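Just below is one structure, and these are the notes that go with it.
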Amino acid sequence: MKKFIPLLCFFLVHYSTWSQWSWQNPRPQGNALCSVCFTSPATGYAAGDAGTIIKTTDGGTSWTILSIRSVHTFNSVFFTGSDTGYAVGTGGTIMKTTDGGANWDSLSSGTTQVLNSVYFPNSSTGYIAGDSGTLLKTTDAGLTWHLVPTITTLNLHSVWFTDAYTGFAAGGIILKTCDGGQSWATCSVQGPGLFDLFSICFTDAATGYAAGGGGLLMKSTDAGLTWTNLNSGTTRYLFSICFTSAGTGFAAGALGTLLWTTDAGATWNLLSSQTDSYLYSVCFSGPNTGYIAGNDGVLAKTTDGGATWSGLMSGTTSTILSIHFTGANTSFAVGGSGSSSSAYGIILKTINGGSSWTTSYGTSQYLCDVRFADANTGYVVGTNGTMLKTINGGATWVQLTSVTSATLGSVFFTDPGNGFVVGKDYTNNCGIILKTTNGGTTWTKLSDGSTPMLGSVWFTGPATGYAAGGDTGLGVIMKTTDGGTTWTTDTSGSYDYIYTIVFPDPQVGYAAGNSGTVLKTVNAGATWLPLSCGSTAYFTSASFPTVNIGYVSGYGGTILKTTDGGATWAQSWSGTYKELECICFPDTLTGYAGGYFGTLLKTGNGGMTCAGEVKSKEPGFTIYPNPAMGQFMIVSNNGLPGEFRATIFSSSGTICYQGRFAGTAPECVDVNALPKGIYIVKLRAKDRVETKKLVIR
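This is the structure we're talking about:
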């Protein structure tokens, strides 16, 4: 089932390296989950955004994030047995595992359409429904897929088969096949109007249900020939429908909507799902045990047939706006949630490198930035002039007397006594600069009504500092050389707002902002030159542990890394598409990134790891002769170095041959023992996986 929310338009498909960022909060992870599937009461899978597939083996108590090496969103996951499963999604992506999710192979779909739903009536035969009327079929356990003809170009969101030949596909239409997909007919639907159907299921050969937009629920009692409306009692979108028996069913949808029927759909009751997030999938592993999954990684479970639900996530859901390290394993993160009338700010602290976080303070204001002058003395600033201070390493925080009601976005202390704060005074439409010389006891206002809006401040010494922001779309960088008494204001050369400024060296600094803006100075801010980073993302934060090694992060989960002072940049795959508001590297290997819905990510290897599987635009291997008689040759093209493995499958998916080769010369494979017929050859090297059809005569 495809999520009814906008998907990001860009997908970075080809990677020479695969980054490693792990979820610290929320747990187990925070990407949207679009589909849940259980193979036993204990073992289940959930799949969703940004290549996410997670697995539980204890009935949802704990979950493991599986390594998929994909950046695509998985809209549907389906297992045909305890070990064999499939996940499909954006970009025509099809992934398969045969070892319970430990390893996943990419299968060729032959399409780039979004794939929304996968269903296997038996272990060999499967179907996939997708956008623009796309329907795919396999008869060899997913090794090959071919397009089956349909009579629609409408998006198809769900597919279900009642036997090997009889099946249904639903979207802006309901289609039925009685011959295994060779032909499809339109079912008679009573008044769905403009609403799509997102989910379809059957309780037996004759009785089926469908759910969709506007609270639409439909039922058929004649094997799908005709469908009539049911009274759902809601106008909220329903994305998933599931029945545990002929009479008992559930439908899940927008804003935590969860409906329950015990009379085969005649009446539906609203259940408390304990969330207001969009729910994209409902699945039961038994009559009483079920799961719901949805936006922002929401997971919940029932053990009493749906009467009550308990969340399976842990951690905060407050947006993380700033992170600061005070030691190798100790760091702080601040942020907030809620609206302006009911905001709530938090301070998180870890003393074990992010394995666990504790909430050490709560306030009614958003907290925008945190910085420590030493291991014990720290400051936090936020909305409505909020200023907090600790002198015992964050054990307790006290509120400082502020001289403004402006939004304070950035704080920097050159020592425990001397510090600066910058922000935005929306009432007077100007920026604000504050200074203290006594550890925050009193503050002096250094700005006037002409100061531009400011969002970031950095000092390279007691006297020299910088502030960045912008007005009316023009990026601005300000500099002081007298401890903030006077400031010179220069446009940055950028026509976009600058969110962040950092100086890893008194002479060398970087600034980043809207529309992919990255600037650099090598002369203490006398001049700023734009850097080409190859991105148009909104960069909200930057961190440079050295003069040459640094990171910028921003919207869409974007993290870019440079190792040559900004001359070149590489994409560091964060593993999420959530907006990242902050990034912090105390050294070249250890870093945190934070953002929306409590997102906290960590890397311990500088954000880049070993080479991942890369699909080349050109074939990496050739097999000949084909058809083959007795033997065939495998040639590694383009001078590909290193060993590779070859696996031959029968048309039913059975492994007939496995071999490992050095890859230094054409390799000969003896197939005299195999009967005549059509086979699939899978060739796997360290940087690619290719599948080819082989005919043996």
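The numbering of the sequence shown is the working numbering, which starts it at 454 and goes up by one. We treat Cβ as the ideally placed atom computed from N, Cα and C, and that holds for glycine. Here the structure is a predicted model, which means the values were calculated and not measured.
CA-to-CA distance, residue j to residue i, given in whole angstroms
i: P494; j: S577; result: 24 Å
i: L596; j: S784; result: 48 Å
i: Q566; j: V524; result: 15 Å
i: A1046; j: K629; result: 48 Å
i: I627; j: T537; result: 29 Å
i: L899; j: F778; result: 28 Å
i: T543; j: T755; result: 30 Å
i: G501; j: N782; result: 31 Å
i: T933; j: A990; result: 30 Å
i: L1053; j: S809; result: 11 Å
i: V1067; j: G677; result: Note on V1067: pLDDT 31, under 50, position unreliable in the model; the coordinate value appears next. If you take the alpha carbons of V1067 and G677, they lie about 43 Å apart.
i: T1043; j: T1056; result: 6 Å
i: G1092; j: C1121; result: Confidence in G1092 is poor, its pLDDT being 47 and thus under 50, which makes the residue's placement unreliable; the coordinate value appears in the next sentence. If I take the Cα positions, the gap works out to 18 Å.
i: A658; j: W613; result: 11 Å
i: Y832; j: G747; result: 36 Å
i: T849; j: S726; result: 35 Å
i: D878; j: I886; result: 10 Å
i: G928; j: F532; result: 52 Å
i: Y950; j: G923; result: 5 Å
i: W637; j: D616; result: 15 Å
i: L607; j: G504; result: 25 Å
i: W404; j: T660; result: This structure gives no information on residue 404, because the portion of the chain shown stretches from 454 to 1150.
i: V571; j: R1098; result: 28 Å
i: E1071; j: G563; result: Below a pLDDT of 50, predicted positions are generally treated as unreliable, and E1071, at 39, falls in that range; no measurement from the model is reported.
i: S515; j: I776; result: 27 Å
i: H467; j: Q1024; result: Its pLDDT being 33, under 50, H467 is placed unreliably by the model, and the measurement read from it follows with that caveat. Near 11 Å, if we compare the C-alpha coordinates of Q1024 and H467.
i: S611; j: Y662; result: 12 Å
i: F527; j: G1018; result: 36 Å
i: V1148; j: N1079; result: 6 Å
i: T953; j: N845; result: 28 Å
Buried/exposed call for residue i, threshold 16 Cβ in 10 Å
i: K1146; result: exposed
i: A1115; result: exposed
i: D822; result: buried
i: K1129; result: exposed
i: V489; result: buried
i: S734; result: buried
i: M548; result: buried
i: T1015; result: buried
i: L765; result: buried
i: M1156; result: In the structure displayed, the chain extends from 454 to 1150; residue 1156 sits before or after that span and is not available.
i: N967; result: buried
i: N478; result: buried
Opening and closing residue of the beta strand (DSSP E) in which residue i lies
i: Y744; result: G743 to G747
i: T714; result: L711 to T714
i: Y814; result: T811 to T816
i: D1123; result: E1120 to D1123
i: Q1111; result: I1108 to F1114
i: D822; result: L820 to F825
i: Y618; result: Counting along the chain, Y618 falls outside any beta strand (DSSP E), and DSSP gives it neither H nor E.
i: N682; result: T679 to L683
i: N782; result: Unbroken run through N782: none, as it is neither H nor E.
i: M840; result: M840 to T843
i: I627; result: I627 to T630
i: F703; result: G702 to G706
i: G835; result: G831 to G835
i: F997; result: It is not in any beta strand (DSSP E) - F997 carries neither H nor E in the DSSP assignment.
i: K754; result: L752 to T755
i: T1015; result: I1012 to T1015
i: V971; result: V971 to T974
Residue i and residue j closer than 8 Å at C-beta
i: W1022; j: G987; result: yes
i: T999; j: P957; result: yes
i: P905; j: T867; result: no
i: T811; j: K802; result: yes
i: S693; j: S652; result: yes
i: L609; j: N569; result: yes
i: I1087; j: Y1132; result: no
i: V955; j: A1020; result: no
i: G838; j: S863; result: no
i: A704; j: L724; result: no
i: T921; j: A964; result: Note that residue 921 is Ala in the sequence shown, not Thr. A contact, by the Cβ cut-off of 8 Å.
(request) Taking only runs that begin and end inside the stretch 860-929, name each unbroken beta strand (DSSP E) of 3 or more residues, in chain order. (result) Correct list: 860-866, 872-878, 883-889, 906-912 and 918-924.
(message) Quick check for students: name the residue ranges of the alpha helix (DSSP H) that lie wholly in the stretch 1024-1048, counting only runs of 4 or more.
(response) Within the stretch 1024-1048, no complete alpha helix (DSSP H) run reaches 4 residues.
(request) Could you tell me which uninterrupted alpha helix (DSSP H) segments, each at least 4 residues in length, are contained entirely in the stretch 469-516, listed from first to last along the chain? (result) Entirely contained in the stretch 469-516, not one alpha helix (DSSP H) run reaches 4 residues.
(message) At 3 residues or longer, what runs of the beta strand (DSSP E) sit wholly inside the stretch 505-576?
(response) With a minimum length of 3 residues, the unbroken runs of beta strand (DSSP E) contained wholly in the stretch 505-576 fall at 505-509, 527-532, 538-542, 547-550, 558-560 and 568-572.
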